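J.: Heads up: the sequence lines are chains A and B, in that order.
For the first sequence, my numbering begins at 19 and goes up steadily by one.
For the second sequence, my numbering begins at 769 and goes up steadily by one.
Ideal Cβ placement from N, Cα and C applies to all residues, glycine included.
Every value quoted in this text rests on a predicted model; they were computed, and no experiment measured them.
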Amino acid sequence: MEASRFVRVDPTTWSLEPTGAMRVPVVIYADVHLLEDMDDKVIEQAKNVASLPGIVRGSYVMPDGHWGYGFPIGGVAAFDPDLGGVVSAGGVGFDISCGVRTMLTGLSTSDIVRVQRQLADSLFRQIPAGVGSRGAITLDAGEMDEMLTGGAEWAVEHGWGEQGDLDRIEERGRMTGARPDWVSDRAKERQREEMGTLGSGNHYLEVQAVAEIFDPTVAGVFGIAVDDVVVTIHCGSRGLGHQIGTEFLKEMVVTAGESGIVLPDRELACAPINSEVGQRYLGAMRAATNCALANREILGHYARRVFTHFFPNAELPILFDVSHNTCKVETHLVEGKRRELFVHRKGATRAFGPGHQSLPDALRPVGQPVLIGGSMGTGSYILVGDVKSEAQAFSSACHGAGRALSRHAALRQWSGRRIVDELAARGILIRSPSSRGVAEEAPGAYKDVSAVVAVAERAGLARRVARLRPLICIKG
Amino acid sequence: MNVEPPSEPARGARWEHFAHDADIGIRGWGSTPAEAFEQAARALTAAVTQAQVSPQAEVHVSCAAPDLELLFVEWLNAVIYEMAVRRMLFGRFAVEIEQNGLTGTLWGEAVDIARHAPASEPKGATYTALKVAQGPDGIWSAACIVDV
């Protein structure tokens, strides 16, 4: 899109004042290059979000913003229930509470290189990935409801994880306010054999080496140094979340009109927070959040089991586990007053700064780890929440590199086999059931993650702590 | 009731994928809305696998919606649901539309990871780029973005 359409507030902040049905400005955090690379549909979607009832302060787009459905990917918007604010199933998306966790291994790159091929093969065998894969866990109706209430805490109680993990997971591993009774039988059926599965698309499990440290003090608190090895898992609430998203989108499209809400795009289907449908969605969405937290906890347990086979003393404690498709109730300072808001992050990561009360004691002095997935070939980043971030976009940051090319275009340009061979020659082992899936996720199909996080830092959203380079990638 | 899978689609029936930044667009064409829906479902399967899908088993679905576009999304989500819970892929489809309701038959087989090499997993059909319309040539098209 053309930068000339915006008011340039500073080199990384671009604003579009309200016109037409917009209630608040659109604010995009990007440098001029990232902004001009964004599709025009990003601004259309951000303007649509700006027109929703009860939106507070702005409709924000992170530096990795791209064309999504309803909300742009990289969209952040907060709503005030007392001002008719809404909760939007489209604003959370189908993969409810999709997120990232990073675990420390206490190993160095040379430890991994010695067994890299065997470790990659073993992880690929042990982590169910891709369409048609089966999890080892089948839940009956009672267990399903317990999981949807208990989240990662439930997983730990069943032996899939450690008690100490919970401190390092958002919501302490268990989202309160979950209502399994508001989750449909179809959604539960879709999840019955899905626990402990990775999924496909851009979901992955990676073994990564710390390639660069930007902030040694914070890195010390996080427990990472150059050449350390970490394990990062990216996945969400699997079929259960997808089905809840599907069903509530349909319902909210119909009920929005009954509530007098004019939807500029049906995908923005939403309901007043203080309505029966809105409350029912929140209860179901929170249950799906617990499903995602439990799923990542189980996958983390599987990763530990494989690592322990190769490295008997490895423990793999969690650095942090944070979601990037969510609607969370948070208190934020708006025009000098603390207000309780429903913050939607669609492909955007919560990024609480130092001192935030929700952070565990060990992290509170420095801020929340913000985990940013890049692409298979280029690497990922660990950032830390910045004190300035609350004023910028309700303590939010980017969530990844953002796609530069569609899957369609990527398939025309790359062969999966060739990418696997080229990356292997660079010391990166890819394991995936689908060569085509690898081509769709080709490193070249993504924007430069380094440019995205550099802008996130300059914009005051989050600060860089470490860059990670991939050693092994298990893709669905 | 066993219905034989349709052998070959009628003339003018075809499908395509179209580009979206993060996900994938699917579009089907046909001489009727029902045929366009069938073709779009083929596009949905083709987003997962390029391999042949053998019609070894049939599954029946039904859904309803207040208008044809919402019905199209319901249809795709019904197919996605059956793919997910049965761990199947479907290669042939027969759709009948009456007023605001739809009945469909899907023919397919269990996912064979080695043979189908499934790429992406459809999560849900969206209302984005959603359009069901008849062109000036009388051919119907049905399209939307699918989250994968």
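Given a cut-off of 7 Å, decide if residue 887 of chain B and residue 454 of chain A are closer than it, judged by their beta-carbon atoms.
T.: Yes; because the gap between Cβ atoms is below 7 Å, this pair is in contact.
J.: Can you find the residues in the same chain that come closer than 6 Å, C-beta to C-beta, to residue 259 of chain A, ignoring five residues on each side of it along the sequence?
T.: Result list for residue 259 of chain A: 113, 114 and 306, in chain order.
J.: Compare the C-beta of residue 91 of chain A with all C-beta atoms of chain B and state if any pair is closer than 7 Å.
T.: yes
J.: Please name the residue, chosen from B:781, B:813 and B:900, that lies closest to residue 857 of chain B on a Cα-to-Cα basis.
T.: Of B:781, B:813 and B:900, the residue nearest in Cα terms is B:813.
J.: Rounded to a whole number of angstroms, what is the C-alpha to C-alpha distance between residue 397 of chain A and residue 465 of chain A?
T.: 12 Å
J.: Could you pull the start and end residues of the beta strand (DSSP E) that residue 355 of chain A belongs to?
T.: 355-364
J.: For the pair the stretch 345-364 of chain A and the stretch 378-387 of chain A, tell me if three or more CB-CB distances fall below 8 Å.
T.: Verdict: no, contact absent.
J.: Residue 362 of chain A and residue 95 of chain A: beta carbons closer than 7 Å?
T.: yes
J.: Mind checking if residue 872 of chain B is an interface residue toward chain A, Cβ cutoff 7 Å exclusive?
T.: no
J.: With distances taken between CB atoms, is the gap from residue 441 of chain A to residue 395 of chain A smaller than 7 Å?
T.: yes
J.: Is residue 219 of chain A close to chain B? Criterion is C-beta to C-beta, closer than 7 Å.
T.: yes
J.: My output table needs one value for residue 126 of chain A: the three-state DSSP class, helix, strand or coil.
T.: strand
J.: In the DSSP assignment, what residue or residues form a beta bridge with residue 899 of chain B?
T.: B:911
J.: Closer than 7 Å, Cβ to Cβ, to anything on chain B: give me those residues from the stretch 412-444 of chain A, in chain order.
T.: 421, 424, 425, 426 and 427
J.: For chain A, is any of its Cβ atoms less than 7 Å away from the one on residue 915 of chain B?
T.: yes
J.: Using a Cβ cut-off of 9 Å, pull out every chain A residue sitting near residue 821 of chain B, in sequence order please.
T.: Those do not exist, as residue 821 of chain B stays about 12 Å from chain A at its closest Cβ, beyond 9 Å.
J.: According to the neighbour-count rule (16 or more other Cβ atoms, all chains shown, within 10 Å of its Cβ), is residue 20 of chain A buried or exposed?
T.: exposed
J.: Measuring straight from C-alpha to C-alpha, what distance separates residue 413 of chain A and residue 79 of chain A?
T.: 13 Å
J.: Taking Cβ positions, are residue 401 of chain A and residue 476 of chain A nearer each other than 7 Å?
T.: No.
J.: In its own chain, which residues sit with a C-beta less than 7 Å from the C-beta of residue 325 of chain A, not counting the 5 before and 5 after it?
T.: Same-chain partners within the cutoff: 123, 332 and 334.
J.: Among A:296, A:200, A:270 and A:254, which has the Cα closest to the Cα of residue 315 of chain A?
T.: A:254
J.: What would DSSP say about residue 342 of chain A, mapped onto helix, strand or coil?
T.: Residue 342 of chain A: coil per DSSP, three-state reduction.
J.: Would you call the CB atoms of residue 340 of chain A and residue 392 of chain A closer than 7 Å?
T.: no
J.: Mind listing which residues of the stretch 778-807 of chain B have their C-beta closer than 9 Å to chain A's C-betas, in chain order?
T.: Against chain A - using a Cβ distance shorter than 9 Å - the residues of the stretch 778-807 of chain B are 785, 786, 787, 788, 789, 790, 791, 792 and 793.
J.: DSSP three-state label for residue 468 of chain A, please.
T.: helix
J.: Is residue 889 of chain B close to chain A? Criterion is C-beta to C-beta, closer than 7 Å.
T.: yes
J.: Just to make sure I have the definition right: I need the residues of chain A whose C-beta is within less than 7 Å of the C-beta of residue 852 of chain B. Which are they?
T.: 208 and 257
J.: Who are the Cβ neighbours of residue 347 of chain A in its own chain at under 7 Å, not counting the five residues just before and after it?
T.: 358 and 360
J.: Near residue 457 of chain A, which residues of its chain fall below 7 Å by C-beta distance, leaving aside the five closest residues on each side in sequence?
T.: 428, 429, 432, 433, 434 and 437
J.: Measure from the alpha carbon of residue 249 of chain A to the alpha carbon of each residue in A:234, A:264, A:268 and A:227, then state which is nearest.
T.: A:227
J.: Tell me the rounded alpha-carbon separation between residue 61 of chain A and residue 803 of chain B.
T.: Approximately 35 Å, taken between the alpha carbons.
J.: Jot down the residue ranges of each uninterrupted alpha helix (DSSP H) in the stretch 194-221 of chain A, minimum 4 residues, whole runs only, in chain order.
T.: 203-209
J.: Going by Cα to Cα distance, which pick from A:480, A:353 and A:47 is closest to residue 406 of chain A?
T.: Of the listed residues, the one whose Cα sits closest to residue 406 of chain A is A:480.
J.: Residues of chain A with CB closer than 8 Å to the CB of residue 818 of chain B, please, in chain order.
T.: 454
J.: Could you tell me which residues DSSP puts in a beta bridge with residue 482 of chain A?
T.: Note: residue 482 of chain A sits in a beta bridge opposite A:401.
J.: Please list the residues of the stretch 876-905 of chain B that have a C-beta atom closer than 9 Å to any C-beta atom in chain A, keeping them in chain order.
T.: 878, 879, 880, 881, 882, 884, 885, 886, 887, 888, 889, 890, 891, 892, 893, 894, 895, 896, 897 and 898
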